[in-house]
Amino acid sequence: MKKTLAIALIPLAAAAQDGAQRRIGFENGYTEIASGKWNGPRTPDGQPDVQGHWSNTIANHSNFTDPQGGVPGDPKPSRRSLEPRDTRAPSRVTDPPDGQVPFQPWARARQQEFVANFHNPTQPGYIEPLARCAPGGVPKSFLWHGYEIRQYPGYVLFLFDSGTRIIHLDGKPHLDKKIKLWNADSRGHWEGNTLVVDVTNNNGKALFGRSGEFFSENAQVTERYIFAPDGERYNYKATFTDPTVYTRPWTATIPARRRSGIETADGWHYQVAANQAGGKPVIEHYERICAENNVGFGNVAVTAK
Amino acid sequence: MKLKITVGLLAALLAGSVMAAEKIPRAANGKPDFSGIWQTTSAADFDLEPHSARKDAPPGPGVVEGGTIPYLPAALEQKRKNFEQRESADPRAKGWTLGTPRGVYYPEPFQIFQRPRDLTLVYQFGHSVRTIHTNGTLHPAGENKEFWLGDSRGRWEGDTLVVDVTHFNDETWLDRAGNFHSDALHVVERWKYLDANTIEYSARLEDPKVFSAPWNIAVLLHRHREKNFQLVEDYRYTLDYEQHYPPKP
Chain A
18 MKKTLAIALI PLAAAAQDGA QRRIGFENGY TEIASGKWNG PRTPDGQPDV QGHWSNTIAN
78 HSNFTDPQGG VPGDPKPSRR SLEPRDTRAP SRVTDPPDGQ VPFQPWARAR QQEFVANFHN
138 PTQPGYIEPL ARCAPGGVPK SFLWHGYEIR QYPGYVLFLF DSGTRIIHLD GKPHLDKKIK
198 LWNADSRGHW EGNTLVVDVT NNNGKALFGR SGEFFSENAQ VTERYIFAPD GERYNYKATF
258 TDPTVYTRPW TATIPARRRS GIETADGWHY QVAANQAGGK PVIEHYERIC AENNVGFGNV
318 AVTAK
Chain B
5 MKLKITVGLL AALLAGSVMA AEKIPRAANG KPDFSGIWQT TSAADFDLEP HSARKDAPPG
65 PGVVEGGTIP YLPAALEQKR KNFEQRESAD PRAKGWTLGT PRGVYYPEPF QIFQRPRDLT
125 LVYQFGHSVR TIHTNGTLHP AGENKEFWLG DSRGRWEGDT LVVDVTHFND ETWLDRAGNF
185 HSDALHVVER WKYLDANTIE YSARLEDPKV FSAPWNIAVL LHRHREKNFQ LVEDYRYTLD
245 YEQHYPPKP
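Each protein sequence line maps, in turn, to chains A and B.
Per the working numbering, the first sequence runs over residues 18 to 322.
Per the working numbering, the second sequence runs over residues 5 to 253.
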């Protein structure tokens, strides 16, 4: 697969926590990965084996449609001037081609209202819910810290920095539509190198990030996780359908890359610990805690103990 | 006569355990496979010790071996205070991570996912994730680590999974009655199939800052076998603010 250019553009917020000892750089572009056969390793039950640690390669959740453009309306932007727009990573919205979420007028107005109030929130709804330790939800969990994938017969498990997602592969029916969840209800199956997941029962509460894009509890999402032949990268392509919020279905693309080797660990993309088993190095994933800690983050919210 | 009965009983028990050993689910590596969704029917989380009915708890015969937790005097006083303030002071009431072993006998289901290298426990309550490492690794050395769920290292003794859990913080409670521990808590769990759909779970708790001696609990965990049963995430710490989202027309 063609290598993409790695550049040293790091949105400030991405590495602001955790006292990272080093930072993995973001990239300003990505390569399409074709759906097709999987010739790589498989789990004992026959799934493509994609277990391990992953993170997105572009940027955090500060800005959904201009991922390396910083939080819209930031009164204290990074002192370093931004790269020109055409050299920053493209919008995560890959359809429609204008790179914008096709909001209905009322929904666009609410998203812009969120942006206008984000830096000085006067109502709880202007606080980005992840800053209150809410689960990242779909699709924001893929923009936040690195995460681990574990696989089992009948399941793919995502252990995110904020929240946990269980993808059911056994074809059982979705939960009753009266049940609405931060991380929704997921039914998946493998098509060659692609994990296809039908996502329903969203509660719509998580928002997509600090730029305030959202869907409602009526949203249905079809996710396609398309893994590269070498198993080192995948592109997440999700189509969002919500006739109560959008004028048409639209698609987001979020590129991700495998993280491995303790020497590359940082406090954001790849938060792991080293251990040893039988003299061999083993990478471990410690528990993730957020709501319990008496601190908020993201410059806005402070949780009360 | 008495001897006869005992021998007969023993034979029946042996036969029972042999049958159980033959029928329990096993992983490809031959170890017992605990994959599944589990839950206790006990009243352990309401109070580990034997207790009568209370307004906020059903009665329970207790799951503590010997019936009483051996608190040190000062710790017993703290437990009494916790009990008085349990409605608000229980970390559970805030939706916080339940800890170990409480997550196991909390009355919501949890799911075990098993690989040769580890068991992953996803608790419905908070969807918190605990990993029990079974790959021969030891507790992390070096700096003093404190985890809400502790650090779990398991080993197989025959068909019993023995898990050593250390590196706790002092934030979690053991039940709704205010039973508690310090950061010196050390738990040794034993997970063993009683039959294909029942796990015999026991734990030994020691904490020299809080207890005068180690003590033991035991509960049964039952497999959820309802058709299409699954965990339903319970991020209840979001319930105080979730109504503000998403934006409405």
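From the three backbone atoms N, C-alpha and C, an ideal C-beta is built for every residue, glycine too.
Pair within 7 Å by beta-carbon distance, residue i and residue j
i	j	result
residue 68 (chain A)	residue 76 (chain A)	no
residue 253 (chain A)	residue 177 (chain A)	no
residue 250 (chain B)	residue 231 (chain A)	yes
residue 216 (chain A)	residue 203 (chain A)	yes
residue 53 (chain A)	residue 210 (chain A)	yes
residue 255 (chain A)	residue 273 (chain A)	no
residue 243 (chain A)	residue 50 (chain A)	yes
residue 199 (chain B)	residue 150 (chain B)	no
residue 218 (chain A)	residue 186 (chain A)	no
residue 33 (chain B)	residue 294 (chain A)	no
residue 39 (chain B)	residue 67 (chain B)	no
residue 160 (chain B)	residue 35 (chain B)	yes
residue 299 (chain A)	residue 170 (chain B)	no
residue 66 (chain A)	residue 170 (chain A)	no
residue 41 (chain A)	residue 206 (chain A)	no
residue 184 (chain A)	residue 214 (chain A)	yes
residue 113 (chain A)	residue 119 (chain A)	yes
residue 276 (chain A)	residue 163 (chain A)	yes
Which listed residue (the options) has its alpha carbon closest to that of residue i
i	options	result
residue 13 (chain A)	A:143, A:222 and A:125	One cannot answer for residue 13 (chain A) here, as it falls past the ends of chain A, which runs 18 to 322.
residue 194 (chain A)	A:229, A:235 and A:208	A:235
residue 78 (chain B)	B:216, B:229 and B:233	B:216
residue 95 (chain B)	B:192, B:175, B:142 and B:72	B:175
residue 102 (chain A)	A:83, A:94, A:273 and A:223	A:83
residue 220 (chain B)	B:57, B:137 and B:71	B:71
residue 117 (chain B)	A:284, A:271, A:266 and A:167	A:167
residue 292 (chain A)	A:301, A:105, A:280 and A:110	A:301
residue 155 (chain B)	B:143, B:163 and B:148	B:143
residue 69 (chain B)	B:207, B:243 and B:231	B:207
residue 243 (chain B)	A:250, A:223 and A:240	A:223
residue 163 (chain B)	B:194, B:171, B:40 and B:93	B:194
residue 104 (chain A)	A:112, A:123, A:111 and A:47	A:47
residue 136 (chain B)	B:115, B:129 and B:148	B:115
residue 155 (chain A)	A:221, A:278, A:275 and A:71	A:221
residue 76 (chain B)	B:253, B:218 and B:222	B:218
residue 192 (chain B)	B:247, B:168 and B:177	B:168
residue 208 (chain A)	A:140, A:306, A:121 and A:241	A:241
residue 209 (chain B)	B:222, B:223, B:203 and B:189	B:189
residue 107 (chain B)	B:134, B:172 and B:84	B:134
residue 128 (chain A)	A:190, A:71, A:282 and A:262	A:262
Cβ-heavy atom distance, residue i to the ligand ADP, below 6 Å
i	result
residue 97 (chain B)	This structure lacks the ligand ADP; in fact it carries no ligand of any kind.
Nearest-angstrom Cβ-Cβ length linking residue i and residue j, presumed shorter than 8 Å
i	j	result
residue 180 (chain A)	residue 152 (chain A)	3 Å
residue 113 (chain B)	residue 228 (chain B)	6 Å
residue 225 (chain B)	residue 44 (chain B)	6 Å
residue 136 (chain A)	residue 92 (chain A)	6 Å
residue 99 (chain B)	residue 148 (chain A)	Not confirmed; about 17 Å, so no contact.
residue 79 (chain A)	residue 88 (chain A)	5 Å
residue 304 (chain A)	residue 153 (chain B)	5 Å
residue 101 (chain B)	residue 146 (chain B)	Not quite, the Cβ-Cβ distance comes to about 23 Å (not below 8 Å), so this is no contact.
(message) Closer than 8 Å between beta carbons: that is the criterion. Which residues of the segment 31-46 of chain B meet it against chain A?
(response) 32 and 39
(message) If contact is defined by three or more beta carbon pairs under 8 Å, each pair taking one atom from either stretch, is the segment 179-188 of chain B in contact with the segment 46-54 of chain B?
(response) yes
(request) Assess, as a yes-or-no matter, whether the segment 227-247 of chain B is touched by the segment 191-211 of chain A under the definition of 3 or more beta carbon pairs within less than 8 Å. (result) yes
(request) May I ask you to list, following chain order, the residues of the segment 60-84 of chain B that have a beta carbon less than 8 Å from some beta carbon of chain A? (result) none
(message) Can you confirm whether the segment 205-215 of chain B touches the segment 28-39 of chain B when touching is taken to mean that 3 or more C-beta pairs between the two stretches lie within less than 8 Å?
(response) no
(request) Say whether the segment 117-135 of chain A touches the segment 222-233 of chain A, bearing in mind that this needs 3 or more beta-carbon pairs closer than 8 Å, one atom from each stretch. (result) yes
(message) With a threshold of 8 Å, are at least 3 pairs of Cβ atoms found where one atom belongs to the segment 55-69 of chain B and the other to the segment 119-126 of chain B?
(response) no
(message) Taking beta-carbon pairs under 8 Å, can you tell me which members of the segment 109-134 of chain A lie near chain B?
(response) 123, 124, 127, 128, 130 and 131
(message) Counting only Cβ-Cβ distances shorter than 9 Å, please list the residues of the segment 228-251 of chain A near chain B, keeping chain order.
(response) 229, 231, 232, 233 and 234
(message) If the cut-off is 8 Å on Cβ atoms, which residues from the segment 279-313 of chain A count as contacting chain B, listed in chain order?
(response) 290, 292, 293, 294, 295, 299, 301, 302, 303, 304, 305, 306, 308 and 309
(message) What are the residues in the segment 187-211 of chain A lying within 7 Å of chain B by C-beta distance?
(response) 189, 190, 192, 196, 198, 199 and 200
(request) Taking a Cβ distance cut-off of 8 Å, strictly less, list which residues of the segment 85-118 of chain B are near chain A, in chain order. (result) 95, 98, 99, 100, 101, 115, 117 and 118
(request) Select from the segment 223-246 of chain B all residues with a C-beta closer than 8 Å to any C-beta belonging to chain A, and list them in chain order. (result) 232, 234, 235, 236, 237, 239, 241, 242, 245 and 246
(request) Give, in chain order, every residue of the segment 154-180 of chain A whose Cβ lies closer than 7 Å to some Cβ of chain B. (result) 167, 169, 172, 174, 176 and 180
(request) Could you list the residues in the segment 153-169 of chain B with a C-beta less than 7 Å from some C-beta on chain A, going in chain order? (result) 153
(message) Closer than 9 Å between beta carbons: that is the criterion. Which residues of the segment 134-151 of chain A meet it against chain B?
(response) 140, 141, 142, 143, 144, 146, 149, 150 and 151
(message) Against chain A, which members of the segment 173-190 of chain B pass a CB distance test of less than 8 Å?
(response) 175
(message) Residues of the segment 53-68 of chain A in Cβ contact with chain B at a cutoff of 7 Å, in chain order, please.
(response) 61
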